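This report refers to the structure that appears directly beneath it.
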Amino acid sequence: MSHQNPNPIHAQNPPQLIAALRRQIARLEGVHRPVRPEGISSGCTPLDRLLPGGGFHRGTLVEWLSAADGSGAESLAIVAAREACREGGVVVVLDPRREFYPPAVARAGIAPQCLLVVQPATEADNHWTLDQALRCAGVAALLAWPDRLDGRTFRRLQLAAEEGGGLGLLLRTQAAQAEPSWADVRLMVEPLPAAETSRGRRLRIDLLRCRHGAGGQSIDVEIDDETHTVHLASPVAAATVRHGCSRAS
Amino acid sequence: MIGGRGESQSDREALEKLADWCGRFSPVVGIEEAAAPESLLLDITGLDALFGGEAQLAGEILRELAARGLTAVVAVADTIGAAWAMAHFGTGDREERERGRKGEGETHWTKVAGESPLLPCSPSPPLCSTFILHPSSSPLSPSLPVIALRLPEQVAAMLHQLGIDCIGQLEMLPRADLLSRFGPELLRRWDQATGRLGETVPVYQSQPEWETGCWLEHPTTQRKAIELVLQKLLERLEQLLAHHGQGAMQLTCRLDCPPERPIELTLGLFQPTASARHLLPLVAMQLERLSLPAAVVAIHVRASLTAALQRRQGELFSDLSPWQNPRHVAQLIERLSSRLGSRAVVRPRLVPDPQPELAYRYRSLVNDGCGQSRRNGPRRPAAAIEVPPRPLRLLRRPIPLATVSIVPDGPPLKFSHSGGQHQVARTWGPERIETGWWRNQPVGRDYYRVETTTGHRFWLFRRLRDGHWFLHGLFE
């Protein structure tokens, strides 16, 4: 693990120096609450621009809603997890249905040794694991598919994330939209018909809810199939979809 | 000879304890190879200088043993056989003779002390307790009885019948006859005693059992009480382990609750630890999920697997972020494994296997006896495995699809899944995956990545055997 934080002695700018020294003092005082740097990128620059602080915040929950199977929400969540574990820490995947496929995640840029897959057998175990993993300071991001979350459990998870300082990525169905949320950000992901020339898949992200920010905005992005980078989709009409089959590779 | 005869097991245990204790005199301590061992062998080559001479060393050993309530005979000689013979059959006048000649330091000779601890109430205490054979003297006195050669009973009986009782008589017989008449054992032992044949001390390595237990005065089902006892036991175990610089990798707690079968709780750990404060919550977590069938009468805890403790100094000005500290994750893994079982907390490893469902393996991260351990076998360096495009969600069982395909060998145009009709807009493929006949269930599949007109992506395959279509994965 490389030393990401610059040594405060070498920091040029006095405010930076003071901030760095404060962090060290806090650490010396045994403050266990993780030091929160600025927002971490969601891995998706256009989405970062919509979010206050330029991305997600450590120690918060993010909900990804999608209407149907195969919609691409998980791909975006994986990209966010990849950004979150860039400086170290593990990505915990809660996979009670045992359908998580690590090779695809490795291809998306998260090394298998950074992953910790947990397969709880019951719903109670699932919620307990969620809580434990979020509470752990060594977890950079958590990926989970919680079906039902009552308000109290949700609040507990949010507090756990706050304590642990990781990023909780919750992938949920559209039905969760009606439920109250303790997540900092709630996003709805919906696939779009692809443009004929595109190298990846087009997705629409609706920012349903965002603490300290304006909800109700939406952007169209494209995930590159090869590099797994996310960028703003070029404004092409959806009508250019060609019916039938095209052998692209 | 410690304890009475007939208790060979407890004798042996007592001797092993003593062998452990003798580590203070010599780094190489062994127990004689016999059915009922009663002598300890110490290699004291070069050690006499540390104690001021062989006699001083022998005296020190006797004094220390006496302080433990044991009397012993110490013999120092160049060979194990000679020392053993002297310790068992040496006579007082010989000792005096040898004592008079000591003083010439010959430290490069291999000296071996045979030691025969005796009960304090031994019926016939030996006349003297220290024999030191000088290297220049003949290792075996001809007057010693032949059984001083550590002979098997049959050989000794046969010699006795022939009237050969002392080594001097044996020396007069031709060697060739001895071999044919009495077998190789006699010559081997004799040569070992005289130094013609080398012999090394069979090193005794104590294998301490990291176990401690407690019988409850009042059998109980109260968890609070059991937890308190567990805490005491774990603290005791911590002392045992920490004394040897060891930490538990796997902990077993046994709760005896007759007439039911004893309950065993097994706890695997990610990193070796001896700390009771760390272990207790993990054990308590398993305990609270347990239903006790009957009152617990005894509790035992055992570190069934240990490893050297790793000590880590905290850095005062650490540049590491909290999520870079490996201890946090280690504790999480232990907590999760303790409640969910070691098989439920895993780390994937990619395997270069063309069949998608076999392209990775999970291995558990703690060692609790069941499931594959991460420490089994050498870990191969993780080679970069090129993964072709794969879905993030792979169904455990491919779902058969009703499809419409116009081109006989081409991808489908329409299919239905979870109640919806999907019209295919774009496809990538086919990616043919075939495995050999030597597999239990060989597969032959043509995979297509398809994107529907709504932008949803699926991973389908056509079974080559019969042309049926299946949904295998979802590009979530």
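Protein chains in written order, with our numbering: chain E, 4 to 252; chain F, 1143 to 1618.
Glycine included, each C-beta is placed from N, C-alpha and C at the ideal position.
Just so you know, these numbers come straight off a predicted model, no measurement behind them.
Counting only runs of 4 or more residues that sit fully inside the segment 148–188 of chain E, the alpha helix (DSSP H) segments are 154–167, in chain order.
Assignment of F/Ile1203 by DSSP, reduced to helix, strand and coil, places it in the helix class.
The segment 56–75 of chain E and the segment 1489–1502 of chain F do not touch, with fewer than three beta-carbon pairs separated by less than 8 Å. Under the 8 Å criterion on CB atoms, E/Pro194 is classed as interfacial with respect to chain F.
Taking C-alpha positions only, F/Pro1542 is separated from F/Trp1611 by approximately 6 Å.
Taking a Cβ-Cβ threshold of 7 Å, the residues of chain E close to F/Pro1490 are Pro105, Pro115, Leu118, Val120, in chain order.
For E/Asp150, none of the residues of chain F pass the 7 Å Cβ criterion, the least Cβ distance being about 15 Å. E/Arg204 is a Cβ neighbour of E/Ala197, given a cutoff of 8 Å. Under the three-state reduction of DSSP, E/Glu225 is assigned to strand.
In the displayed model, F/Leu1492 falls within a strand according to three-state DSSP.
With a minimum length of 4 residues, the unbroken runs of alpha helix (DSSP H) contained wholly in the segment 17–93 of chain E fall at 17–31, 48–53, 76–87. The straight-line gap separating the alpha-carbon atoms of F/Asp1220 and F/Pro1169 is approximately 17 Å.
When secondary structure is reduced to three states using DSSP, F/Arg1431 falls in the coil class, being assigned neither helix nor strand.
Under DSSP, F/Trp1601 shares a beta bridge with F/Arg1591, F/Gly1615.
Separation of the CB atoms of E/Gly56 and E/Gly46 is rounded to 15 Å, and the pair is thereby denied contact status at 8 Å. Between E/Thr230 and chain F, the shortest Cβ-Cβ separation is not below 8 Å. Under the rule that a run must span 3 or more residues, the beta strand (DSSP E) segments found entirely inside the segment 1366–1406 of chain F read 1388–1398.
At a C-beta separation below 7 Å, F/Tyr1504 has these neighbours in chain E: Val120. Excluding the 5 residues flanking it on each side, E/His130 has same chain C-beta neighbours closer than 7 Å at Thr156, in chain order. Between F/Gly1223 and F/Ala1384, the C-beta gap is not smaller than 8 Å, which leaves the two residues out of contact. Taking the Cα of F/Pro1344 as reference, the smallest distance to any Cα among F/Val1171, F/Trp1357, F/Trp1352 is reached at F/Val1171. Around the beta carbon of F/Gln1392, 16 or more other beta carbons lie within 10 angstroms, which makes this residue buried. Within the same chain, Cβ atoms closer than 8 Å to the Cβ of F/Pro1404 are found at Arg1396, Leu1397, Asp1398, the five residues on either side in sequence being excluded. The DSSP-derived three-state label of F/Val1549 is coil. When DSSP states are grouped into helix, strand and coil, E/Val95 belongs to the strand group. In this structure, DSSP gives F/Ala1567 an extended state, which the three-state scheme calls strand.
Residues of the segment 51–78 of chain E with a C-beta atom less than 9 Å from some C-beta of chain F are Arg61, Ser69, Ala71, Asp72, Gly73, Ser74, Gly75, Ala76, Glu77, Ser78, listed in chain order. Here F/Trp1352 carries a coil assignment [DSSP, helix/strand/coil]. Exclusion of the five residues before and after F/Trp1163 leaves no residue of its chain whose Cβ lies closer than 7 Å to its Cβ. The bridge partners DSSP lists for E/Asp209 are E/Met191, E/Ser221. Taking a 10 Å sphere around the C-beta of F/Leu1536, we find 16 or more other C-beta atoms and assign the residue as buried.
Listed by position along chain E, the residues whose Cβ is nearer than 8 Å to that of F/Arg1477 are Gln135. Straight through space, the alpha carbons of F/Pro1361 and F/Asp1153 are spaced by roughly 33 Å. Contact of F/Phe1603 with chain E by beta-carbon distance below 7 Å is absent, the smallest such distance being about 15 Å.
When the alpha-carbon of F/Thr1594 is set against those of E/Leu174, E/Ile222, E/Ala127, E/Leu195, the nearest one is in E/Leu195. Listed as beta-bridge partners of F/Pro1287 by DSSP are F/Cys1308.
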